[in-house]
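Following our numbering, the numbering of the sequence shown begins with 1132 at its first residue and continues without gaps. Below is one structure, written out as structure tokens; the observations come after it.
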Amino acid sequence: MRLIVHDLGEQDFNTWLGGFSRDTDEIIGEQETIRHCVGCFGCWVRTPGTCVLKDSYRHMGERLAACEEYVFISRNVYGGYSPFVSNVLNRTLPYVLPYFLTKNGETHHQQRYERQIRFTVHFYGEGMTEAERETAKSLVRANALNLDASGYKVSFHDTLNSLKEVQ
């Protein structure tokens, strides 16, 4: 199963990415209201593995652990994710434990779940500069490492039409 997070309008998603199956993939779009992570760490202390904010994104850690591939489809915003996609990523904090380990000389969180996922990101938008693309690649690489992903891929699309190749 793929967990797909996108910032496209429903019509654009259905037009350009209709090949994703709501039967076999979990699809998260901007149609639902998501609260912002407040950094309270309640997902580690008060309700381990579950966000304390009561909305439909409180179980993002479990949802991420249940998938084989985590897919982002995001407008490129100065080399980063759109606000909605970034917010969904922030709400996956319960996916990791509050304990640390050292990987390649860097400090990272220990994983709550033993399963590794693949991380795939598709950035779209006209006029992306090379600096924005390089920043985005670095961001995806760092996120993949923090999520303990088995692998990652980042792609850039100048138009929504070119997103048809995503499936």
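No residue lacks a Cβ here, since even glycine has one placed at the ideal position from N, Cα and C. Only a predicted model underlies this, so the values are computations on that prediction, with no experimental measurement involved.
To the nearest angstrom, how far is it from the Cα of residue i to the Cα of residue j?
i, j, result
"residue 1238", "residue 1226", "16 Å"
"residue 1253", "residue 1261", "16 Å"
"residue 1228", "residue 1143", "36 Å"
"residue 1182", "residue 1265", "32 Å"
"residue 1263", "residue 1289", "13 Å"
"residue 1189", "residue 1146", "29 Å"
"residue 1162", "residue 1283", "27 Å"
"residue 1177", "residue 1168", "15 Å"
Between the options, which has its C-alpha nearest residue i's C-alpha?
i, options, result
"residue 1204", "1271, 1138 and 1290", "1138"
"residue 1235", "1273, 1247, 1169 and 1148", "1273"
"residue 1220", "1261, 1277 and 1265", "1277"
"residue 1210", "1257, 1146, 1151 and 1279", "1257"
"residue 1134", "1244, 1248, 1243 and 1281", "1248"
"residue 1198", "1240, 1284 and 1158", "1158"
"residue 1224", "1213, 1243, 1232 and 1233", "1243"
Using DSSP bridges, identify the partner residues of residue i.
i, result
"residue 1211", "1208"
"residue 1254", "1205 and 1287"
"residue 1136", "1159 and 1203"
"residue 1242", "1227"
"residue 1282", "1249"
Would you mind giving the Cβ-Cβ distance between residue i and residue j, rounded to the nearest angstrom? I have them listed as a contact below 8 Å.
i, j, result
"residue 1255", "residue 1222", "Contact flag wrong, Cβ pair sits at about 22 Å."
"residue 1200", "residue 1180", "Wrong, their Cβ atoms sit about 21 Å apart, outside the cutoff."
Using 9 Å as the limit for Cβ to Cβ distance, is residue i near chain D?
i, result
"residue 1180", "The structure shown contains no chain D; it holds only a single protein chain."
Every unbroken alpha helix (DSSP H) inside the stretch 1161 to 1233 [4 residues or more]: 1173 to 1176, 1191 to 1196 and 1214 to 1221
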